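Structure first, then comments.
In my numbering, the protein residues as written are 90 to 349.
Quick look at the structure:
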């Protein structure tokens, strides 16, 4: 069952908002796909749409952090190494799951359960006194721990940005510094996942008209830029509990719906 344009627009808005806010984009997309397909997300042919929406949000983070990325490319090899090290655990965990347990990634019940875990992680982070360390001062051990947190977030409903930013805060980083390191990791994670899925899709062919895919990418790009700006302002004010409350309420609702 192909997606109509209006469904792609809805998915693009949700992807743009939830990719960077700590509420789990994968979890919300799985749940939304289940709603749009009458309860069975596997009925929807969303593979090509998924890729272009992620590429749209990848463009958002590239534009938002263009200054920091120029610093990395100009010779900040230590931070570059830290980002690459932190990206390894997700690759080691994510690739086997995609190959052998891909059905986990489309389970609304699992997404609902993991949203409640995300709520707990965010609530604990909001009660943790932030440190004053910059992401450029991060150690190899701390970098690897943040990478392990990102690897856990392969599961739908467990927010990648929420777990990595929270872990950074637990380890003594300033909230904004933790977010910056998290989204530099996101460039590697989103880009790598997009490349793997893109190769698979080119082998089997695209099913959605290219105009609709373009609309979806542009919408997720624009909404993603706005979501990044909102998140940074909320981090400055220490308002992480807003997202914890949302994840808890939505997670419990989804679990109840699936068990019914």
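Ideal Cβ placement from N, Cα and C applies to all residues, glycine included.
As the structure is a prediction and not an experimental result, all values here were calculated from the model.
- Residue 178 is a Cβ neighbour of residue 239, given a cutoff of 8 Å.
- Of the candidates 276, 182, 220, 276 places its Cα closest to the Cα of residue 250.
- Between residue 157 and residue 273, the C-beta gap is smaller than 8 Å, which places the two residues in contact.
- The C-beta of residue 202 has 16 or more other C-beta atoms within 10 Å across all chains shown, which makes the residue buried.
- Put simply, of 140, 102, 112 the residue whose alpha carbon is nearest the alpha carbon of residue 253 is 112.
- Less than 8 Å divides the Cβ of residue 100 from the Cβ of residue 138.
- Around the beta carbon of residue 279, 16 or more other beta carbons sit within 10 angstroms, so the residue counts as buried.
- Of the residues 180, 161, 106, 264, the one whose Cα lies closest to the Cα of residue 285 is 180.
- The shortest CA-to-CA distance from residue 166 to any of 117, 226, 257 is the one to 226.
- Straight across, the Cα-Cα distance linking residue 348 with residue 198 is about 8 Å.
- With contacts defined as CB atoms closer than 8 Å, residue 174 and residue 262 fail to qualify as a contacting pair.
- Comparing alpha-carbon positions, the option among 316, 255, 339 lying closest to residue 145 turns out to be 316.
- Put simply, of 110, 121, 120, 149 the residue whose alpha carbon is nearest the alpha carbon of residue 310 is 149.
- Judged by DSSP in its simplified three-state form, residue 262 adopts strand.
- Contact between residue 116 and residue 246 holds: CB atoms are separated by about 3 Å, below the 8 Å threshold.
- Residue burial is scored here from C-beta neighbours: residue 162 has fewer than 16 other C-beta atoms within 10 angstroms and is therefore classed as exposed.
- Residue 96: member of the alpha helix (DSSP H) spanning 94-107, first to last residue.
- Per the coordinates, the alpha-carbon of residue 337 lies some 13 Å from the alpha-carbon of residue 329.
- In this structure, residue 98 keeps its C-beta atom at 8 Å or more from the C-beta atom of residue 259.
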